[in-house]
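Student: Anchor point for the sequence shown: position 189 equals 188 in numbering that gives the first Met the number 0, and the numbering is continuous, going up by one each time. Cβ coordinates follow ideal geometry from the N, Cα and C atoms, glycine included. Let me begin by handing over the structure; questions about it come next.
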Amino acid sequence: MDALSVAALAQVRSIAAALIDARRRQVALPLFPEAVPDTLDAAYAIQRCAIEGWDDAIAGWKVGRLDARLSERYGVDRFIGPVFARDVVHVEDGRTSVFRLIPDGSGAFEAELVAFASADQPPHVAAWTRAGAAELVGAIHTGIELAGSPVTGIGALPTTASIAAFGNNAGQIVGPLTTLMPGPMLDDVTVTSSVDGSEVRTAEASALPGGPMAAMAFALEQLHAFGMPLRKGQFVSTGAVTGVHEVATGQCWEATFHGHGRLVCRVHAQDRSDMDV
């Protein structure tokens, strides 16, 4: 943010404040606050400002996909966003967890593989390969990213909106530890996403460009650039294997990681009566 003009910095802070307020109060924003950022730098500046204004520690990071226009413009196809500690739920195989959707906000279900760091990210390493990233991984869990935002229809906006709005992450379900480690077997994991008992899509982890470890390497490079290195015990949720699936209140979603268990998630409307607003 140091390179931004005074006016641009004021706008960054104003947008971040609006996003923080809506997330804290769990109320929808029919429109993105002010203007959707038109560059990755501006989007990440808002994200970092929002992180600084949020009263929770970062437990990990999600990796998402840039839209085609931005990917062509910047030569990268991914982005990262924070996952906060209070939004992480650890569940056993087959147990049902809850995704609380902000009424009139946005929500999506993403079946993912979650890589936990076994050591702190070396601060002097700027460029990461898949093999190098794999050496930092100590455990792989099944998982579901609960992509969500107060911003209505955020998925239809340029991806810079998602980046700015806390990376469009509302929470993370972390399933059991698997026997998987980085390598061909990880890329070959087959995942099926279903809603209310009907299959939506089946795909292998290799459907992610370069596989899960390419996502891990990307996250490490971004975190190095941001001066926020991954710490031992933090995780990277490596991307939506079967795609991004919009959710609606009352639905029951399942992610089956063939040979590695099943996670279940039921979508409820956020009940603000229990919240301190």
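1. So, for alanine 21: in the same chain, excluding its five sequence neighbours on each side, which residues have a beta-carbon less than 7 Å away from its beta-carbon?
2. Relative to the alpha-carbon of leucine 88, which residue among Pro32, Pro157, Pro36 and Thr141 has its alpha-carbon at the smallest distance?
3. Which of helix, strand or coil does DSSP assign to threonine 255?
4. Between the region 231–249 and the region 204–220, can you find at least three pairs of beta-carbon atoms closer than 8 Å?
5. If you drop the 5 nearest sequence neighbours on each side, which residues of the same chain put their C-beta closer than 8 Å to that of arginine 129?
6. Of the residues Ser96, Val26 and Leu65, which one's Cα is nearest the Cα of arginine 261?
7. DSSP state of histidine 140, grouped into three classes?
8. Please report the distance separating the alpha-carbon of threonine 159 from that of glutamate 198.
9. For the alpha helix (DSSP H) that contains isoleucine 57, what are its first and last residues?
10. Do glycine 59 and isoleucine 19 have their CB atoms nearer than 7 Å?
11. Which partner residues does valine 97 have in the DSSP bridge list?
12. In or out: lysine 61 buried (at least 16 other Cβ within 10 Å) or exposed?
13. If you drop the 5 nearest sequence neighbours on each side, which residues of the same chain put their C-beta closer than 8 Å to that of glutamine 120?
14. Grouping DSSP H, G and I as helix and E and B as strand, with all else coil, what is phenylalanine 31?
15. Are the region 188–202 and the region 68–85 touching by the rule of at least three beta carbon pairs closer than 8 Å?
16. Helix, strand or coil for proline 81? Go by DSSP, reduced to three states.
Tutor: Here's the rundown:
1. Leu28 and Pro149
2. A quick correction: the sequence has valine, not leucine, at residue 88. It is Thr141 whose Cα lies nearest to the Cα of valine 88.
3. strand
4. yes
5. Pro181, Gly209, Gly210, Met212, Ala213, Met215 and Ala216
6. Ser96
7. strand
8. 31 Å
9. Careful: isoleucine 57 lies outside any alpha helix (DSSP H), inside the beta strand (DSSP E) at 57–64.
10. no
11. Arg265
12. buried
13. Counting only Cβ-Cβ distances below 8 Å, and skipping sequence neighbours, we find Leu135, Leu219, Leu222, His223, Pro228, Leu229 and Arg230.
14. If DSSP states are grouped into helix, strand and coil, phenylalanine 31 belongs with coil.
15. no
16. In the three-state reduction of the DSSP assignment, proline 81 falls in the strand class.
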